[in-house]
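Residue numbers (this note's numbering): 95 to 495.
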C-alpha cells in the first residue's frame with residue numbers, strides 16, 4: 095500500500111504539470127498578441143520576390159494563388175515552380191498570369207536534382223531566378239490577406255533579423271479528419287511555439303510562410319545545404335539562427351488548406367508530422383508527454399484517493415484546455431475551423447497521444463507512395479510505387495504542412 099501511495103502521488107503531481115502548462119501557454123498567447131497588435135511597423139518596403147514551389151491543386155488553389163497577386167505592396171514579383179509541364183497546377187497558374195497582367199509573375203518548370211527534397215530543389219532554382227534580395231517563401235496551399243507582404247517584410251528592416259515566419263489558420267473542407275488536423279495546429283501546436291518564443295526564443299521557422307533574404311540564405315549555405323533534409327522549414331530557421339540571425343514570429347497569420355480525407359490519410363500525415371518533429375528536436379519531443387493533459391488527467395482520476403479529486407482534475411483539464419485553445423486559436427489567430435469545432439479538442443488530444451506513441455515506432459516517413467528513412471537528419475529513399483513525377487517529397491499543396 096505504501097508503494098501504491100507513492101506512485102499515486104507521483105501520478106497526481108505529474109498530471110498537474112499539463113494543467114500548469116495550459117495556463118502558462120495562455121499567458122504566453124496573451125503576451126504575444128497584445129504586444130503585436132499594439133506595435134507599429136517600420137517604414138521598410140524593399141522589392142520582394144515571392145517564391146512558390148507548387149505540386150498539384152486542391153480545393154482552394156485558385157484563390158490561394160490569386161491572393162498573392164492582390165498585395166498592397168509597391169514592388170514585388172511572384173515566381174511559381176513546378177516539377178514538370180504535366181503538373182495540374184500549370185494551366186491554373188497560366189490563367190492567373192493572364193488575369194493579373196499588371197503583376198510580374200513567372201512560371202518555372204523543372205529544377206536541378208540537388209537532393210531528395212524536391213520542394214527544396216525548386217526553391218533553389220526560384221532563389222537563383224529571383225530578381226530581388228528579399229525573399230518570401232510560401233507553400234502551395236497558402237492564402238494571404240492584402241497586407242501580408244507589408245507585414246512580413248517590414249521587420250527585416252532590422253539587420254539582426256534573419257527570418258520572419260508566420261502562423262497559419264485552417265480552411266478545411268467539411269470532413270472530420272480535415273477539421274481535426276486544422277484544430278490541432280491552432281489549439282495546441284502554436285501554443286508550444288508561443289511558449290518557446292517566451293521562454294527561450296524561436297530558433298526554427300514554420301513552413302507556411304518564411305521571409306528572409308539572399309544574404310542570410312548565403313550565410314547558412316543556401317538551399318543546397320538542406321536539399322536532403324526532412325524538415326526544410328525547421329532547418330532553414332535553425333541554420334539562419336545558428337548563423338547569427340534572429341527568428342521572429344509575425345503577427346500576420348496566413349491560411350492553409352485542409353482537404354477532405356479518410357482516416358488512413360489523416361493518420362499517415364499526422365504520424366509523418368509527429369515523426370518529423372521528433373527527429374528534429376528529440377528531447378523537446380519527449381518532453382511533450384508532460385504537456386498532454388488528457389491521458390494524465392484520466393490516469394489521475396483513476397488513482398485519485400477521493401472522488402472529488404478525480405472530478406477536480408477532469409474539470410481543470412476541460413477548463414484550462416479550452417481556455418488555451420480559445421485564447422490561442424480563436425481570440426489570437428481567429429481560426430474559424432476551431433471556432434466551429436472547439437468541441438473536437440478532447441478527441442484530438444486523445445488521438446494525438448496515440449500518434450505521439452506511434453511516432454517512436456521507426457525513423458521512416460511516407461509521402462504518398464514513396465517511403466524514406468531518415469538518417470542523421472537526411473532523407474534516404476527506400477521504396478517507391480510511383481514514378482518520380484508523383485514523388486510527394488515535392489511538398490505539394492496537400493502534403494506541405
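Beta carbons are placed, not taken as given, at the ideal position from N, Cα and C, and that holds for glycine.
- Taking the Cα positions, residue 263 is about 16 Å away from residue 286.
- Around the C-beta of residue 178, fewer than 16 other C-beta atoms lie within 10 Å, and the residue is accordingly described as exposed.
- Listed in chain order, the non-local C-beta contacts of residue 145 below 8 Å within the same chain comprise 173, 175, 217, 220, 221, 224, 229, 230, 231 and 232, local neighbours out to five positions each way being set aside.
- The alpha carbon of residue 421 has as its nearest neighbour, out of 454, 359, 167 and 282, the alpha carbon of 282.
- Under DSSP, the beta-bridge partners assigned to residue 340 are 255.
- Residue pairing for residue 147: DSSP places it in a beta bridge opposite 175.
- Shown here for residue 156: same chain residues with a beta carbon closer than 7 Å to its own, the five before and five after excluded, namely 186 in chain order.
- For residue 450 and residue 314, the gap between their C-alpha atoms comes out near 31 Å.
- Here the stretch 347-355 makes contact with the stretch 234-245; the two share three or more CB pairs at distances below 8 Å.
- The three-state reading of DSSP puts residue 460 in strand, counting E and B together.
- Given a length threshold of 3 residues, the stretch 352-404 has no whole run of the beta strand (DSSP E) inside it.
- In the three-state reduction of the DSSP assignment, residue 157 falls in the helix class.
- A contact is defined here as three or more CB-CB pairs under 8 Å, and the stretch 305-312 fails this definition with respect to the stretch 192-208.
- In the structure shown, the three-state DSSP call for residue 238 is coil.
- For the options 97, 106 and 99, the alpha carbon positioned closest to that of residue 388 is the one of 106.
- Per DSSP, the continuous alpha helix (DSSP H) segment holding residue 120 begins and ends at 96-131.
- Shown here, residue 186 sits in a helix according to DSSP, grouped into three states.
- Annotation for residue 293: the continuous alpha helix (DSSP H) segment containing it runs 284-293.
- Per the coordinates, the alpha-carbon of residue 440 lies some 14 Å from the alpha-carbon of residue 385.
- Residue burial annotation: residue 154 is buried, with at least 16 other C-beta atoms found within 10 angstroms of its C-beta.
- Residue state for residue 278 is assigned as helix, using DSSP reduced to three classes.
- For the pair of segments examined, the stretch 326-340 was found to touch the stretch 296-309: the number of CB pairs separated by less than 8 Å reaches three.
- Judged by DSSP secondary structure, residue 445 falls outside any beta strand (DSSP E) and instead within the alpha helix (DSSP H) spanning 439-452.
- The residue among 100, 458, 123 and 188 with its C-alpha nearest the C-alpha of residue 288 is 123.
- According to DSSP, residue 473 shares a beta bridge with 468.
- Rounded to whole angstroms, residue 410 and residue 417 show a C-alpha spacing of 10 Å.
- With distances taken between CA atoms, residue 468 lies nearest to 371 out of 345, 246, 394 and 371.
- Contact check for residue 354 and residue 272: beta-carbon distance about 5 Å, within the 8 Å limit, so the pair qualifies.
- Taking the C-beta atoms as reference points, residue 244 is found no nearer than 9 Å to residue 343.
- For residue 466, same chain residues with a beta-carbon under 8 Å away, outside a window of 5 residues either side, are 210, 324, 458, 459, 460, 473, 474, 475, 476 and 487 in chain order.
- Proximity to residue 284 across 427, 139, 140 and 125 peaks at 427, based on C-alpha coordinates.
- Here residue 335 really is in contact with residue 297; their C-beta atoms are around 4 Å apart, less than 8 Å.
- Distance from the CA atom of residue 448 to the CA atom of residue 294, rounded to whole angstroms, is 28 Å.
- Contact check for residue 270 against residue 438 passes: the beta carbons are separated by less than 9 Å.
- Residue 263 is bridged by DSSP to 349.
- Annotated three-state conformation of residue 202 is strand, per DSSP.
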